[in-house]
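First the structure, in the form of structure tokens, and then the observations on it.
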Amino acid sequence: MTRSELIAELVAANPHLQGRDVELIVSTVFDEISGALARGERVELRGFGAFTVKKRDARTGRNPRTGESVSVEEKVVPFFKAGKELRERINLGGQSRAHRPARPSAARLTLLPD
Numbered sequence: 001m002t003r004s005e006l007i008a009e010l011v012a013a014n015p016h017l018q019g020r021d022v023e024l025i026v027s028t029v030f031d032e033i034s035g036a037l038a039r040g041e042r043v044e045l046r047g048f049g050a051f052t053v054k055k056r057d058a059r060t061g062r063n064p065r066t067g068e069s070v071s072v073e074e075k076v077v078p079f080f081k082a083g084k085e086l087r088e089r090i091n092l093g094g095q096s097r098a099h100r101p102a103r104p105s106a107a108r109l110t111l112l113p114d
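Right, here's the structure in full:
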């Protein structure tokens, strides 16, 4: 799913919201997650997962085309670890909550008009 597809689905599921408002919400969420990661902070979305950054040490790599050894510098990369509820949902084959028993701790997101 692309960003524009996500926005289109959210607009369809929340007809009381305008497309530009949903786009602003999605952009703000992504910007806040990106900003927190850039500051080295952990972002946890309960039931979904956690975004963190991990340090990759410098190493000697290999150019796959030529076989030549190359030096790869140390870097920091984003990392996502899926939460328990997301893993369970994936293992149920993407069934919606309506097709499986409800859990009392299940998080729900409803966008309400102002």
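Last residue of the sequence shown? That's 114 in the UniProt record's numbering, and every number before it is there in order.
Beta carbons are placed, not taken as given, at the ideal position from N, Cα and C, and that holds for glycine.
Next item on the list: Name, in chain order, the residues that DSSP records as bridge partners for T52.
Entry: Within the sequence shown, residue 52 is the residue found at index 52, counting from 1. Looking at the DSSP assignment, T52 forms a beta bridge with F79.
Checklist line | Buried or exposed by the 16-neighbour rule on C-beta atoms within 10 Å, applied to V22 | finding: The count along the sequence shown starts at 1 and reaches residue 22 at position 22. V22 is buried by the Cβ-count criterion.
Margin query: Could you tell me the alpha carbon to alpha carbon distance between A8 and H16, rounded to whole angstroms?
Written below: For the purposes of this step, residue 8 is taken as the residue at position 8 of the sequence shown. For the purposes of this step, residue 16 is taken as the residue at position 16 of the sequence shown. In a straight line, the C-alpha of A8 is about 13 Å away from that of H16.
Next item on the list: Identify every residue that forms a DSSP beta bridge with S4.
Entry: As a position in the sequence shown, residue 4 is number 4, starting the count at 1. DSSP lists no partner for S4.
Note to self: Excluding the 5 residues flanking K75 on each side, which residues of the same chain have their C-beta closer than 6 Å to its C-beta?
What the structure shows: Your numbering for residue 75 matches position 75 in the sequence shown. Taken in chain order, the residues that qualify are R56.
Check: Do you know offhand how far S4's Cα is from V11's?
Finding: Numbered from 1 along the sequence shown, position 4 holds the residue referred to as residue 4. Numbered from 1 along the sequence shown, position 11 holds the residue referred to as residue 11. The straight-line gap from Cα to Cα measures roughly 11 Å.
Next item on the list: Could you please give me the residues that DSSP links to T60 through a beta bridge?
Entry: On the sequence shown, residue 60 is found 60 positions in, with the first residue counted as 1. Per DSSP, S71.
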